[in-house]
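**Q**
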Amino acid sequence: MIKPKVLFTDGEGPIVFKDLAADMTERVVPGFFKVLSFYDDYLAEIGREGYQAGDTLALVVPHFLAHGVTDEDITEEAKDAQVCKGVKEYVDGLKKDGWEIRIISTAYSQMWELVGDYLGISMDKIACTELNLASLRKMFGTQEFYERVRQTEERVLAALPLWEEAMVEVNDNDSPVVRVLESEKFAHLREELDNLYWRDLPEQGYKTLEAVIVMGGRRKIDAAWQSARDLGVKISDIPYVGDSITDDAMHTYLAEEGGLPIAINGNAYALRNAKVAVATEDMRNLRPVLDAWQQGGFEGVQNFVRAYSEMTFPIAKERAPISEVTNQAYYDLINLANQEGFDKILATHKKFRILVCGAATARLG
Numbered sequence: 046m047i048k049p050k051v052l053f054t055d056g057e058g059p060i061v062f063k064d065l066a067a068d069m070t071e072r073v074v075p076g077f078f079k080v081l082s083f084y085d086d087y088l089a090e091i092g093r094e095g096y097q098a099g100d101t102l103a104l105v106v107p108h109f110l111a112h113g114v115t116d117e118d119i120t121e122e123a124k125d126a127q128v129c130k131g132v133k134e135y136v137d138g139l140k141k142d143g144w145e146i147r148i149i150s151t152a153y154s155q156m157w158e159l160v161g162d163y164l165g166i167s168m169d170k171i172a173c174t175e176l177n178l179a180s181l182r183k184m185f186g187t188q189e190f191y192e193r194v195r196q197t198e199e200r201v202l203a204a205l206p207l208w209e210e211a212m213v214e215v216n217d218n219d220s221p222v223v224r225v226l227e228s229e230k231f232a233h234l235r236e237e238l239d240n241l242y243w244r245d246l247p248e249q250g251y252k253t254l255e256a257v258i259v260m261g262g263r264r265k266i267d268a269a270w271q272s273a274r275d276l277g278v279k280i281s282d283i284p285y286v287g288d289s290i291t292d293d294a295m296h297t298y299l300a301e302e303g304g305l306p307i308a309i310n311g312n313a314y315a316l317r318n319a320k321v322a323v324a325t326e327d328m329r330n331l332r333p334v335l336d337a338w339q340q341g342g343f344e345g346v347q348n349f350v351r352a353y354s355e356m357t358f359p360i361a362k363e364r365a366p367i368s369e370v371t372n373q374a375y376y377d378l379i380n381l382a383n384q385e386g387f388d389k390i391l392a393t394h395k396k397f398r399i400l401v402c403g404a405a406t407a408r409l410g
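Convert by adding 45 to the 1-based position in the sequence shown; the result is the number in our numbering.
As structure tokens, then:
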């Protein structure tokens, strides 16, 4: 079954290595972003109304405003972004062969203006989080607004050791984040942030999830649907490459609709609803999966993965230690993996997520 030559892909991870929101926040409020990220896990788990995976990028914006961060500052920070190894050749090769590429990214628009220009992908082919601090500052630039934000920051940072203790409970002791942050010991920490985002700022007219609309979670599905319609292709024709929790909803949707969700160096959220997983430092290793899909659908992908595994890991199927690998790729069919197999795939991808950081190239600034 021949598929149209289209690729939809996440940005941070599959294309570029940079956590712009985290890095900018660390510049103005050191130590604060890890608390927000932990709080984000809680909000996602309780299913707060209107909250989507990745909305941390909305939570940080009041802090940018309170510390005088400008759109130009965001652009300057974005210049430190590094394109992942092999991406330029991978993208150029796809474009040369007639593929249409659409990027659907949680990251701020300031970064994609730079990355898109470097890769030759125009902004009309990139769906991302639009951030206009100048406009927001005109509406919410009062001293009272700034003071409420800064006072909360001070109290959170003063309690940072206790926050870190809560994180250990979740990350090292496998305690559910909801149970931890609703416990008697830690609830007052969470309430500090609850009060800021859902009470104090709305009293100032600032609605946290409406001031900045983050391109994450189900909003990625909406963007994909719109792009598919514009291209005249079906959702079932689409391969999508993702690596994190912001891609989980898209992976789930595509799997249900017959598309191809691909996890690249994925975390558990990206892997759990993908159909195929690719662990690699070099993004050019995605191309064989895309070609197999375009030429033969999911059956073609299955045939490629099986043939590659038999050729690369004969007899015992033992894989080389990842520390010894440079351009090696590991391909796995997630839908055929049992729990033990999934855990092994996850362990491989965790190691590659670390390696990709060191392999990133081509600083944009």
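Where is the CB? At the ideal position from N, CA and C, for every residue including glycine. These numbers come from a predicted model, not from an experiment.
1) Take the Cβ of Arg263 as the centre, count every other Cβ of all protein chains shown within 10 Å, and call the residue buried at 16 or more, exposed below.
2) Would you give the residue range spanned by the beta strand (DSSP E) that Gly287 belongs to?
3) Got a sec, what are the start and stop residues for the alpha helix (DSSP H) Ile171 sits in?
4) Measure how close the beta-carbons of Gly303 and Ser289 come, nearest whole angstrom, since I'm counting them as under 8 Å.
5) Please name the residue or residues paired with Gln325 in a DSSP beta bridge.
6) Excluding the 5 residues flanking Gln155 on each side, which residues of the same chain have their C-beta closer than 6 Å to its C-beta?
7) For a cutoff of 9 Å on Cβ pairs, would you count Arg200 as touching chain D?
8) Given a cut-off of 9 Å on the beta-carbon distance, is the pair Arg224 and Leu110 in contact?
9) I'd like the span of the beta strand (DSSP E) that includes Tyr153, first residue to last.
10) Going by the DSSP bridge assignment, what does Ile309 pair with across the sheet?
11) Grab me the residues of Ile399's own chain with a C-beta within less than 6 Å of its C-beta, minus the 5 sequence neighbours each way, in chain order.
12) Check Thr115 in the structure and name its three-state DSSP category.
13) May I ask you to report which of helix, strand or coil DSSP gives Thr187?
14) Just grab the DSSP bridge partners of Thr54 for me.
15) With three or more beta-carbon pairs closer than 8 Å as the criterion, would you say the region 85–94 touches the region 219–233?
16) Could you check which residue in Tyr191, Gln347 and Lys230 has the C-alpha nearest to that of Leu207?
17) Determine, using beta carbons only, whether Gly287 and Gln97 come nearer to each other than 9 Å.
18) Could you round the C-beta distance between Asp162 and Val259 to whole angstroms and report it? I think they count as a contact, below 8 Å.
19) What are the uninterrupted segments assigned as alpha helix (DSSP H) that are 4 or more residues long and contained completely in the region 80–106, given in chain order?
20) On the three-state DSSP scale, how would you describe Gln384?
21) Between Val215 and Val278, what straight-line distance do the alpha-carbon atoms span, to the nearest angstrom?
22) Are the CB atoms of Thr115 and Leu178 nearer to each other than 9 Å?
23) Which class does Gly161 belong to by DSSP, given the choice of helix, strand or coil?
24) Just to check my reading of the structure: Ala300 and Asn310 have Cβ atoms closer than 8 Å, yes? What is that Cβ distance to the nearest angstrom?
25) Pop quiz: Pro284 and Leu335 are said to be a contact at Cβ under 8 Å. What is the actual Cβ separation, rounded to whole angstroms?
26) Whole angstroms are fine: how far does the CA of Met356 sit from the CA of Gly95?
27) Leaving out the 5 sequence neighbours to the left and right, which residues in its chain are closer than 8 Å to Tyr135 when beta-carbon positions are compared?
28) Does the Cβ of Leu234 have 16 or more other Cβ atoms within 10 Å, making it buried, or fewer, making it exposed?
29) Go ahead and label Thr197 buried or exposed: buried means 16 or more other beta carbons lie within 10 angstroms of its beta carbon, across all protein chains shown.
30) Note down, in chain order, each residue of its chain lying with its Cβ closer than 6 Å to the Cβ of Gly131, except the 5 sequence neighbours on either side.
31) Quick check on DSSP: helix, strand or coil for Gln271?
32) So, with DSSP's three-state summary, where would you put Met337?
33) Given Ala204, which residues of its chain have a CB within under 7 Å of its CB, disregarding the five upstream and five downstream residues?
34) Classify Lys320: buried if its beta carbon has 16 or more other beta carbons within 10 angstroms, exposed otherwise.
35) Once DSSP output is grouped into helix, strand and coil, what is the label at Tyr135?
36) Thinking C-alpha only, which one of Ser180, Glu189 and Arg147 is nearest Asp169?
**A** In short, the structure shows the following:
1) The sequence position of residue 263 within the sequence shown is 218, counting from 1. Result: exposed.
2) The residue you call residue 287 lines up with position 242 of the sequence shown. Its beta strand (DSSP E) spans residues Pro284 to Gly287.
3) Within the sequence shown, residue 171 is the residue found at index 126, counting from 1. Under the DSSP assignment, Ile171 falls outside any alpha helix (DSSP H), being part of the beta strand (DSSP E) whose first and last residues are Ile171 to Thr174.
4) Along the sequence shown, one-based indexing puts residue 303 at 258. Along the sequence shown, one-based indexing puts residue 289 at 244. That belief does not hold up - the Cβ atoms of Gly303 and Ser289 are roughly 23 Å apart, past 8 Å.
5) On the sequence shown, position 280 is the one that residue 325 refers to. The sequence shown places Thr at residue 325, rather than the Gln named in the question. Thr325 is bridged to Ala374.
6) Working through the sequence shown from its first residue, we reach residue 155 at position 110. Cβ neighbours of Gln155 beyond the five flanking positions: Ile119, Thr120 and Ala123.
7) Looking for chain D here will not work: only one protein chain is present.
8) Counted from its first residue, the sequence shown places residue 224 at position 179. Counted from its first residue, the sequence shown places residue 110 at position 65. Cβ atoms of Arg224 and Leu110: not closer than 9 Å.
9) As a first step, residue 153 is located in the sequence shown; it is residue number 108 there, counting from the start. Glu145 to Tyr153 is the extent of the beta strand (DSSP E) around Tyr153.
10) By one-based count along the sequence shown, residue 309 stands at place 264. Its beta-bridge partners are Val323.
11) One-based indexing of the sequence shown puts residue 399 at position 354. No residues qualify anywhere along the chain.
12) Within the sequence shown, numbered from 1, the residue matching residue 115 stands at position 70. Three-state result, Thr115: coil.
13) Position 142 of the sequence shown, counted from the first residue, corresponds to residue 187. Collapsing the DSSP output to three states places Thr187 in coil.
14) In the sequence shown, residue 54 corresponds to position 9, counting from 1. In DSSP, Thr54 forms a bridge with Ile148 and Val286.
15) They touch, by the three-pair rule.
16) In the sequence shown, residue 207 corresponds to position 162, counting from 1. When each option's Cα is compared against that of Leu207, the closest is Lys230.
17) Residue numbering aside, residue 287 sits at position 242 when the sequence shown is read from its first letter. Residue numbering aside, residue 97 sits at position 52 when the sequence shown is read from its first letter. Contact flag unset, no.
18) Residue mapping note: residue 162 aligns to position 117 of the sequence shown, counting from 1. Residue mapping note: residue 259 aligns to position 214 of the sequence shown, counting from 1. The Cβ separation is near 23 Å, so there is no contact.
19) Secondary structure in the region 80–106: the alpha helix (DSSP H) runs of 4 residues or longer, each lying completely within the stretch, are 101–104 in chain order.
20) In the sequence shown, residue 384 corresponds to position 339, counting from 1. In the structure shown, Gln384 sits in a helix (DSSP, three-state: H, G or I).
21) If you number the sequence shown from 1, residue 215 lands on position 170. If you number the sequence shown from 1, residue 278 lands on position 233. Distance between the alpha carbons of Val215 and Val278 is about 42 Å.
22) Residue numbering aside, residue 115 sits at position 70 when the sequence shown is read from its first letter. Residue numbering aside, residue 178 sits at position 133 when the sequence shown is read from its first letter. Their beta carbons are under 9 Å apart, which means Thr115 touches Leu178 by this criterion.
23) Locating residue 161 in the sequence shown gives position 116, where the first residue counts as 1. Note: Gly161 maps to helix in three-state DSSP.
24) Here residue 300 is taken as the residue at index 255 of the sequence shown, counted from 1. Here residue 310 is taken as the residue at index 265 of the sequence shown, counted from 1. With a Cβ gap of about 19 Å, Ala300 and Asn310 do not count as contacting.
25) For the purposes of this step, residue 284 is taken as the residue at position 239 of the sequence shown. For the purposes of this step, residue 335 is taken as the residue at position 290 of the sequence shown. About 6 Å separates the two Cβ atoms, so the contact holds.
26) Numbered from its first residue, the sequence shown carries residue 95 at position 50. Numbered from its first residue, the sequence shown carries residue 356 at position 311. So the alpha carbons of these two residues sit roughly 47 Å apart.
27) As a working note, residue 135 is residue 90 in the sequence shown. Within the same chain, Tyr135 has close Cβ partners Met328, Arg329, Leu331 and Arg332.
28) By 1-based counting over the sequence shown, the position of residue 234 is 189. So Leu234 ends up on the buried side.
29) Locating residue 197 in the sequence shown gives position 152, where the first residue counts as 1. It is buried - the Cβ of Thr197 has at least 16 other Cβ atoms within 10 Å.
30) Within the sequence shown, numbered from 1, the residue matching residue 131 stands at position 86. Cβ neighbours of Gly131 beyond the five flanking positions: Asp327, Met328 and Arg329.
31) What you label residue 271 is simply residue 226 of the sequence shown in a count that begins at 1. Note: Gln271 maps to helix in three-state DSSP.
32) Here residue 337 refers to the residue found at position 292 of the sequence shown. First, the amino acid is wrong: residue 337 is Ala here, not Met. Ala337 falls in the helix class under three-state DSSP.
33) Mapped onto the sequence shown, residue 204 falls at position 159. So the list reads Leu234, once near-sequence residues are dropped.
34) Sequence index remark: in the sequence shown, residue 320 carries index 275 (1-based). Classification of Lys320: buried, given that the 10 Å Cβ count is 16 or more.
35) The residue labelled residue 135 in the question sits at position 90 within the sequence shown. Reduced to three states, the DSSP call for Tyr135 is helix.
36) As a first step, residue 169 must be located in the sequence shown, where it is residue number 124. Among Ser180, Glu189 and Arg147, the Cα nearest to that of Asp169 belongs to Arg147.
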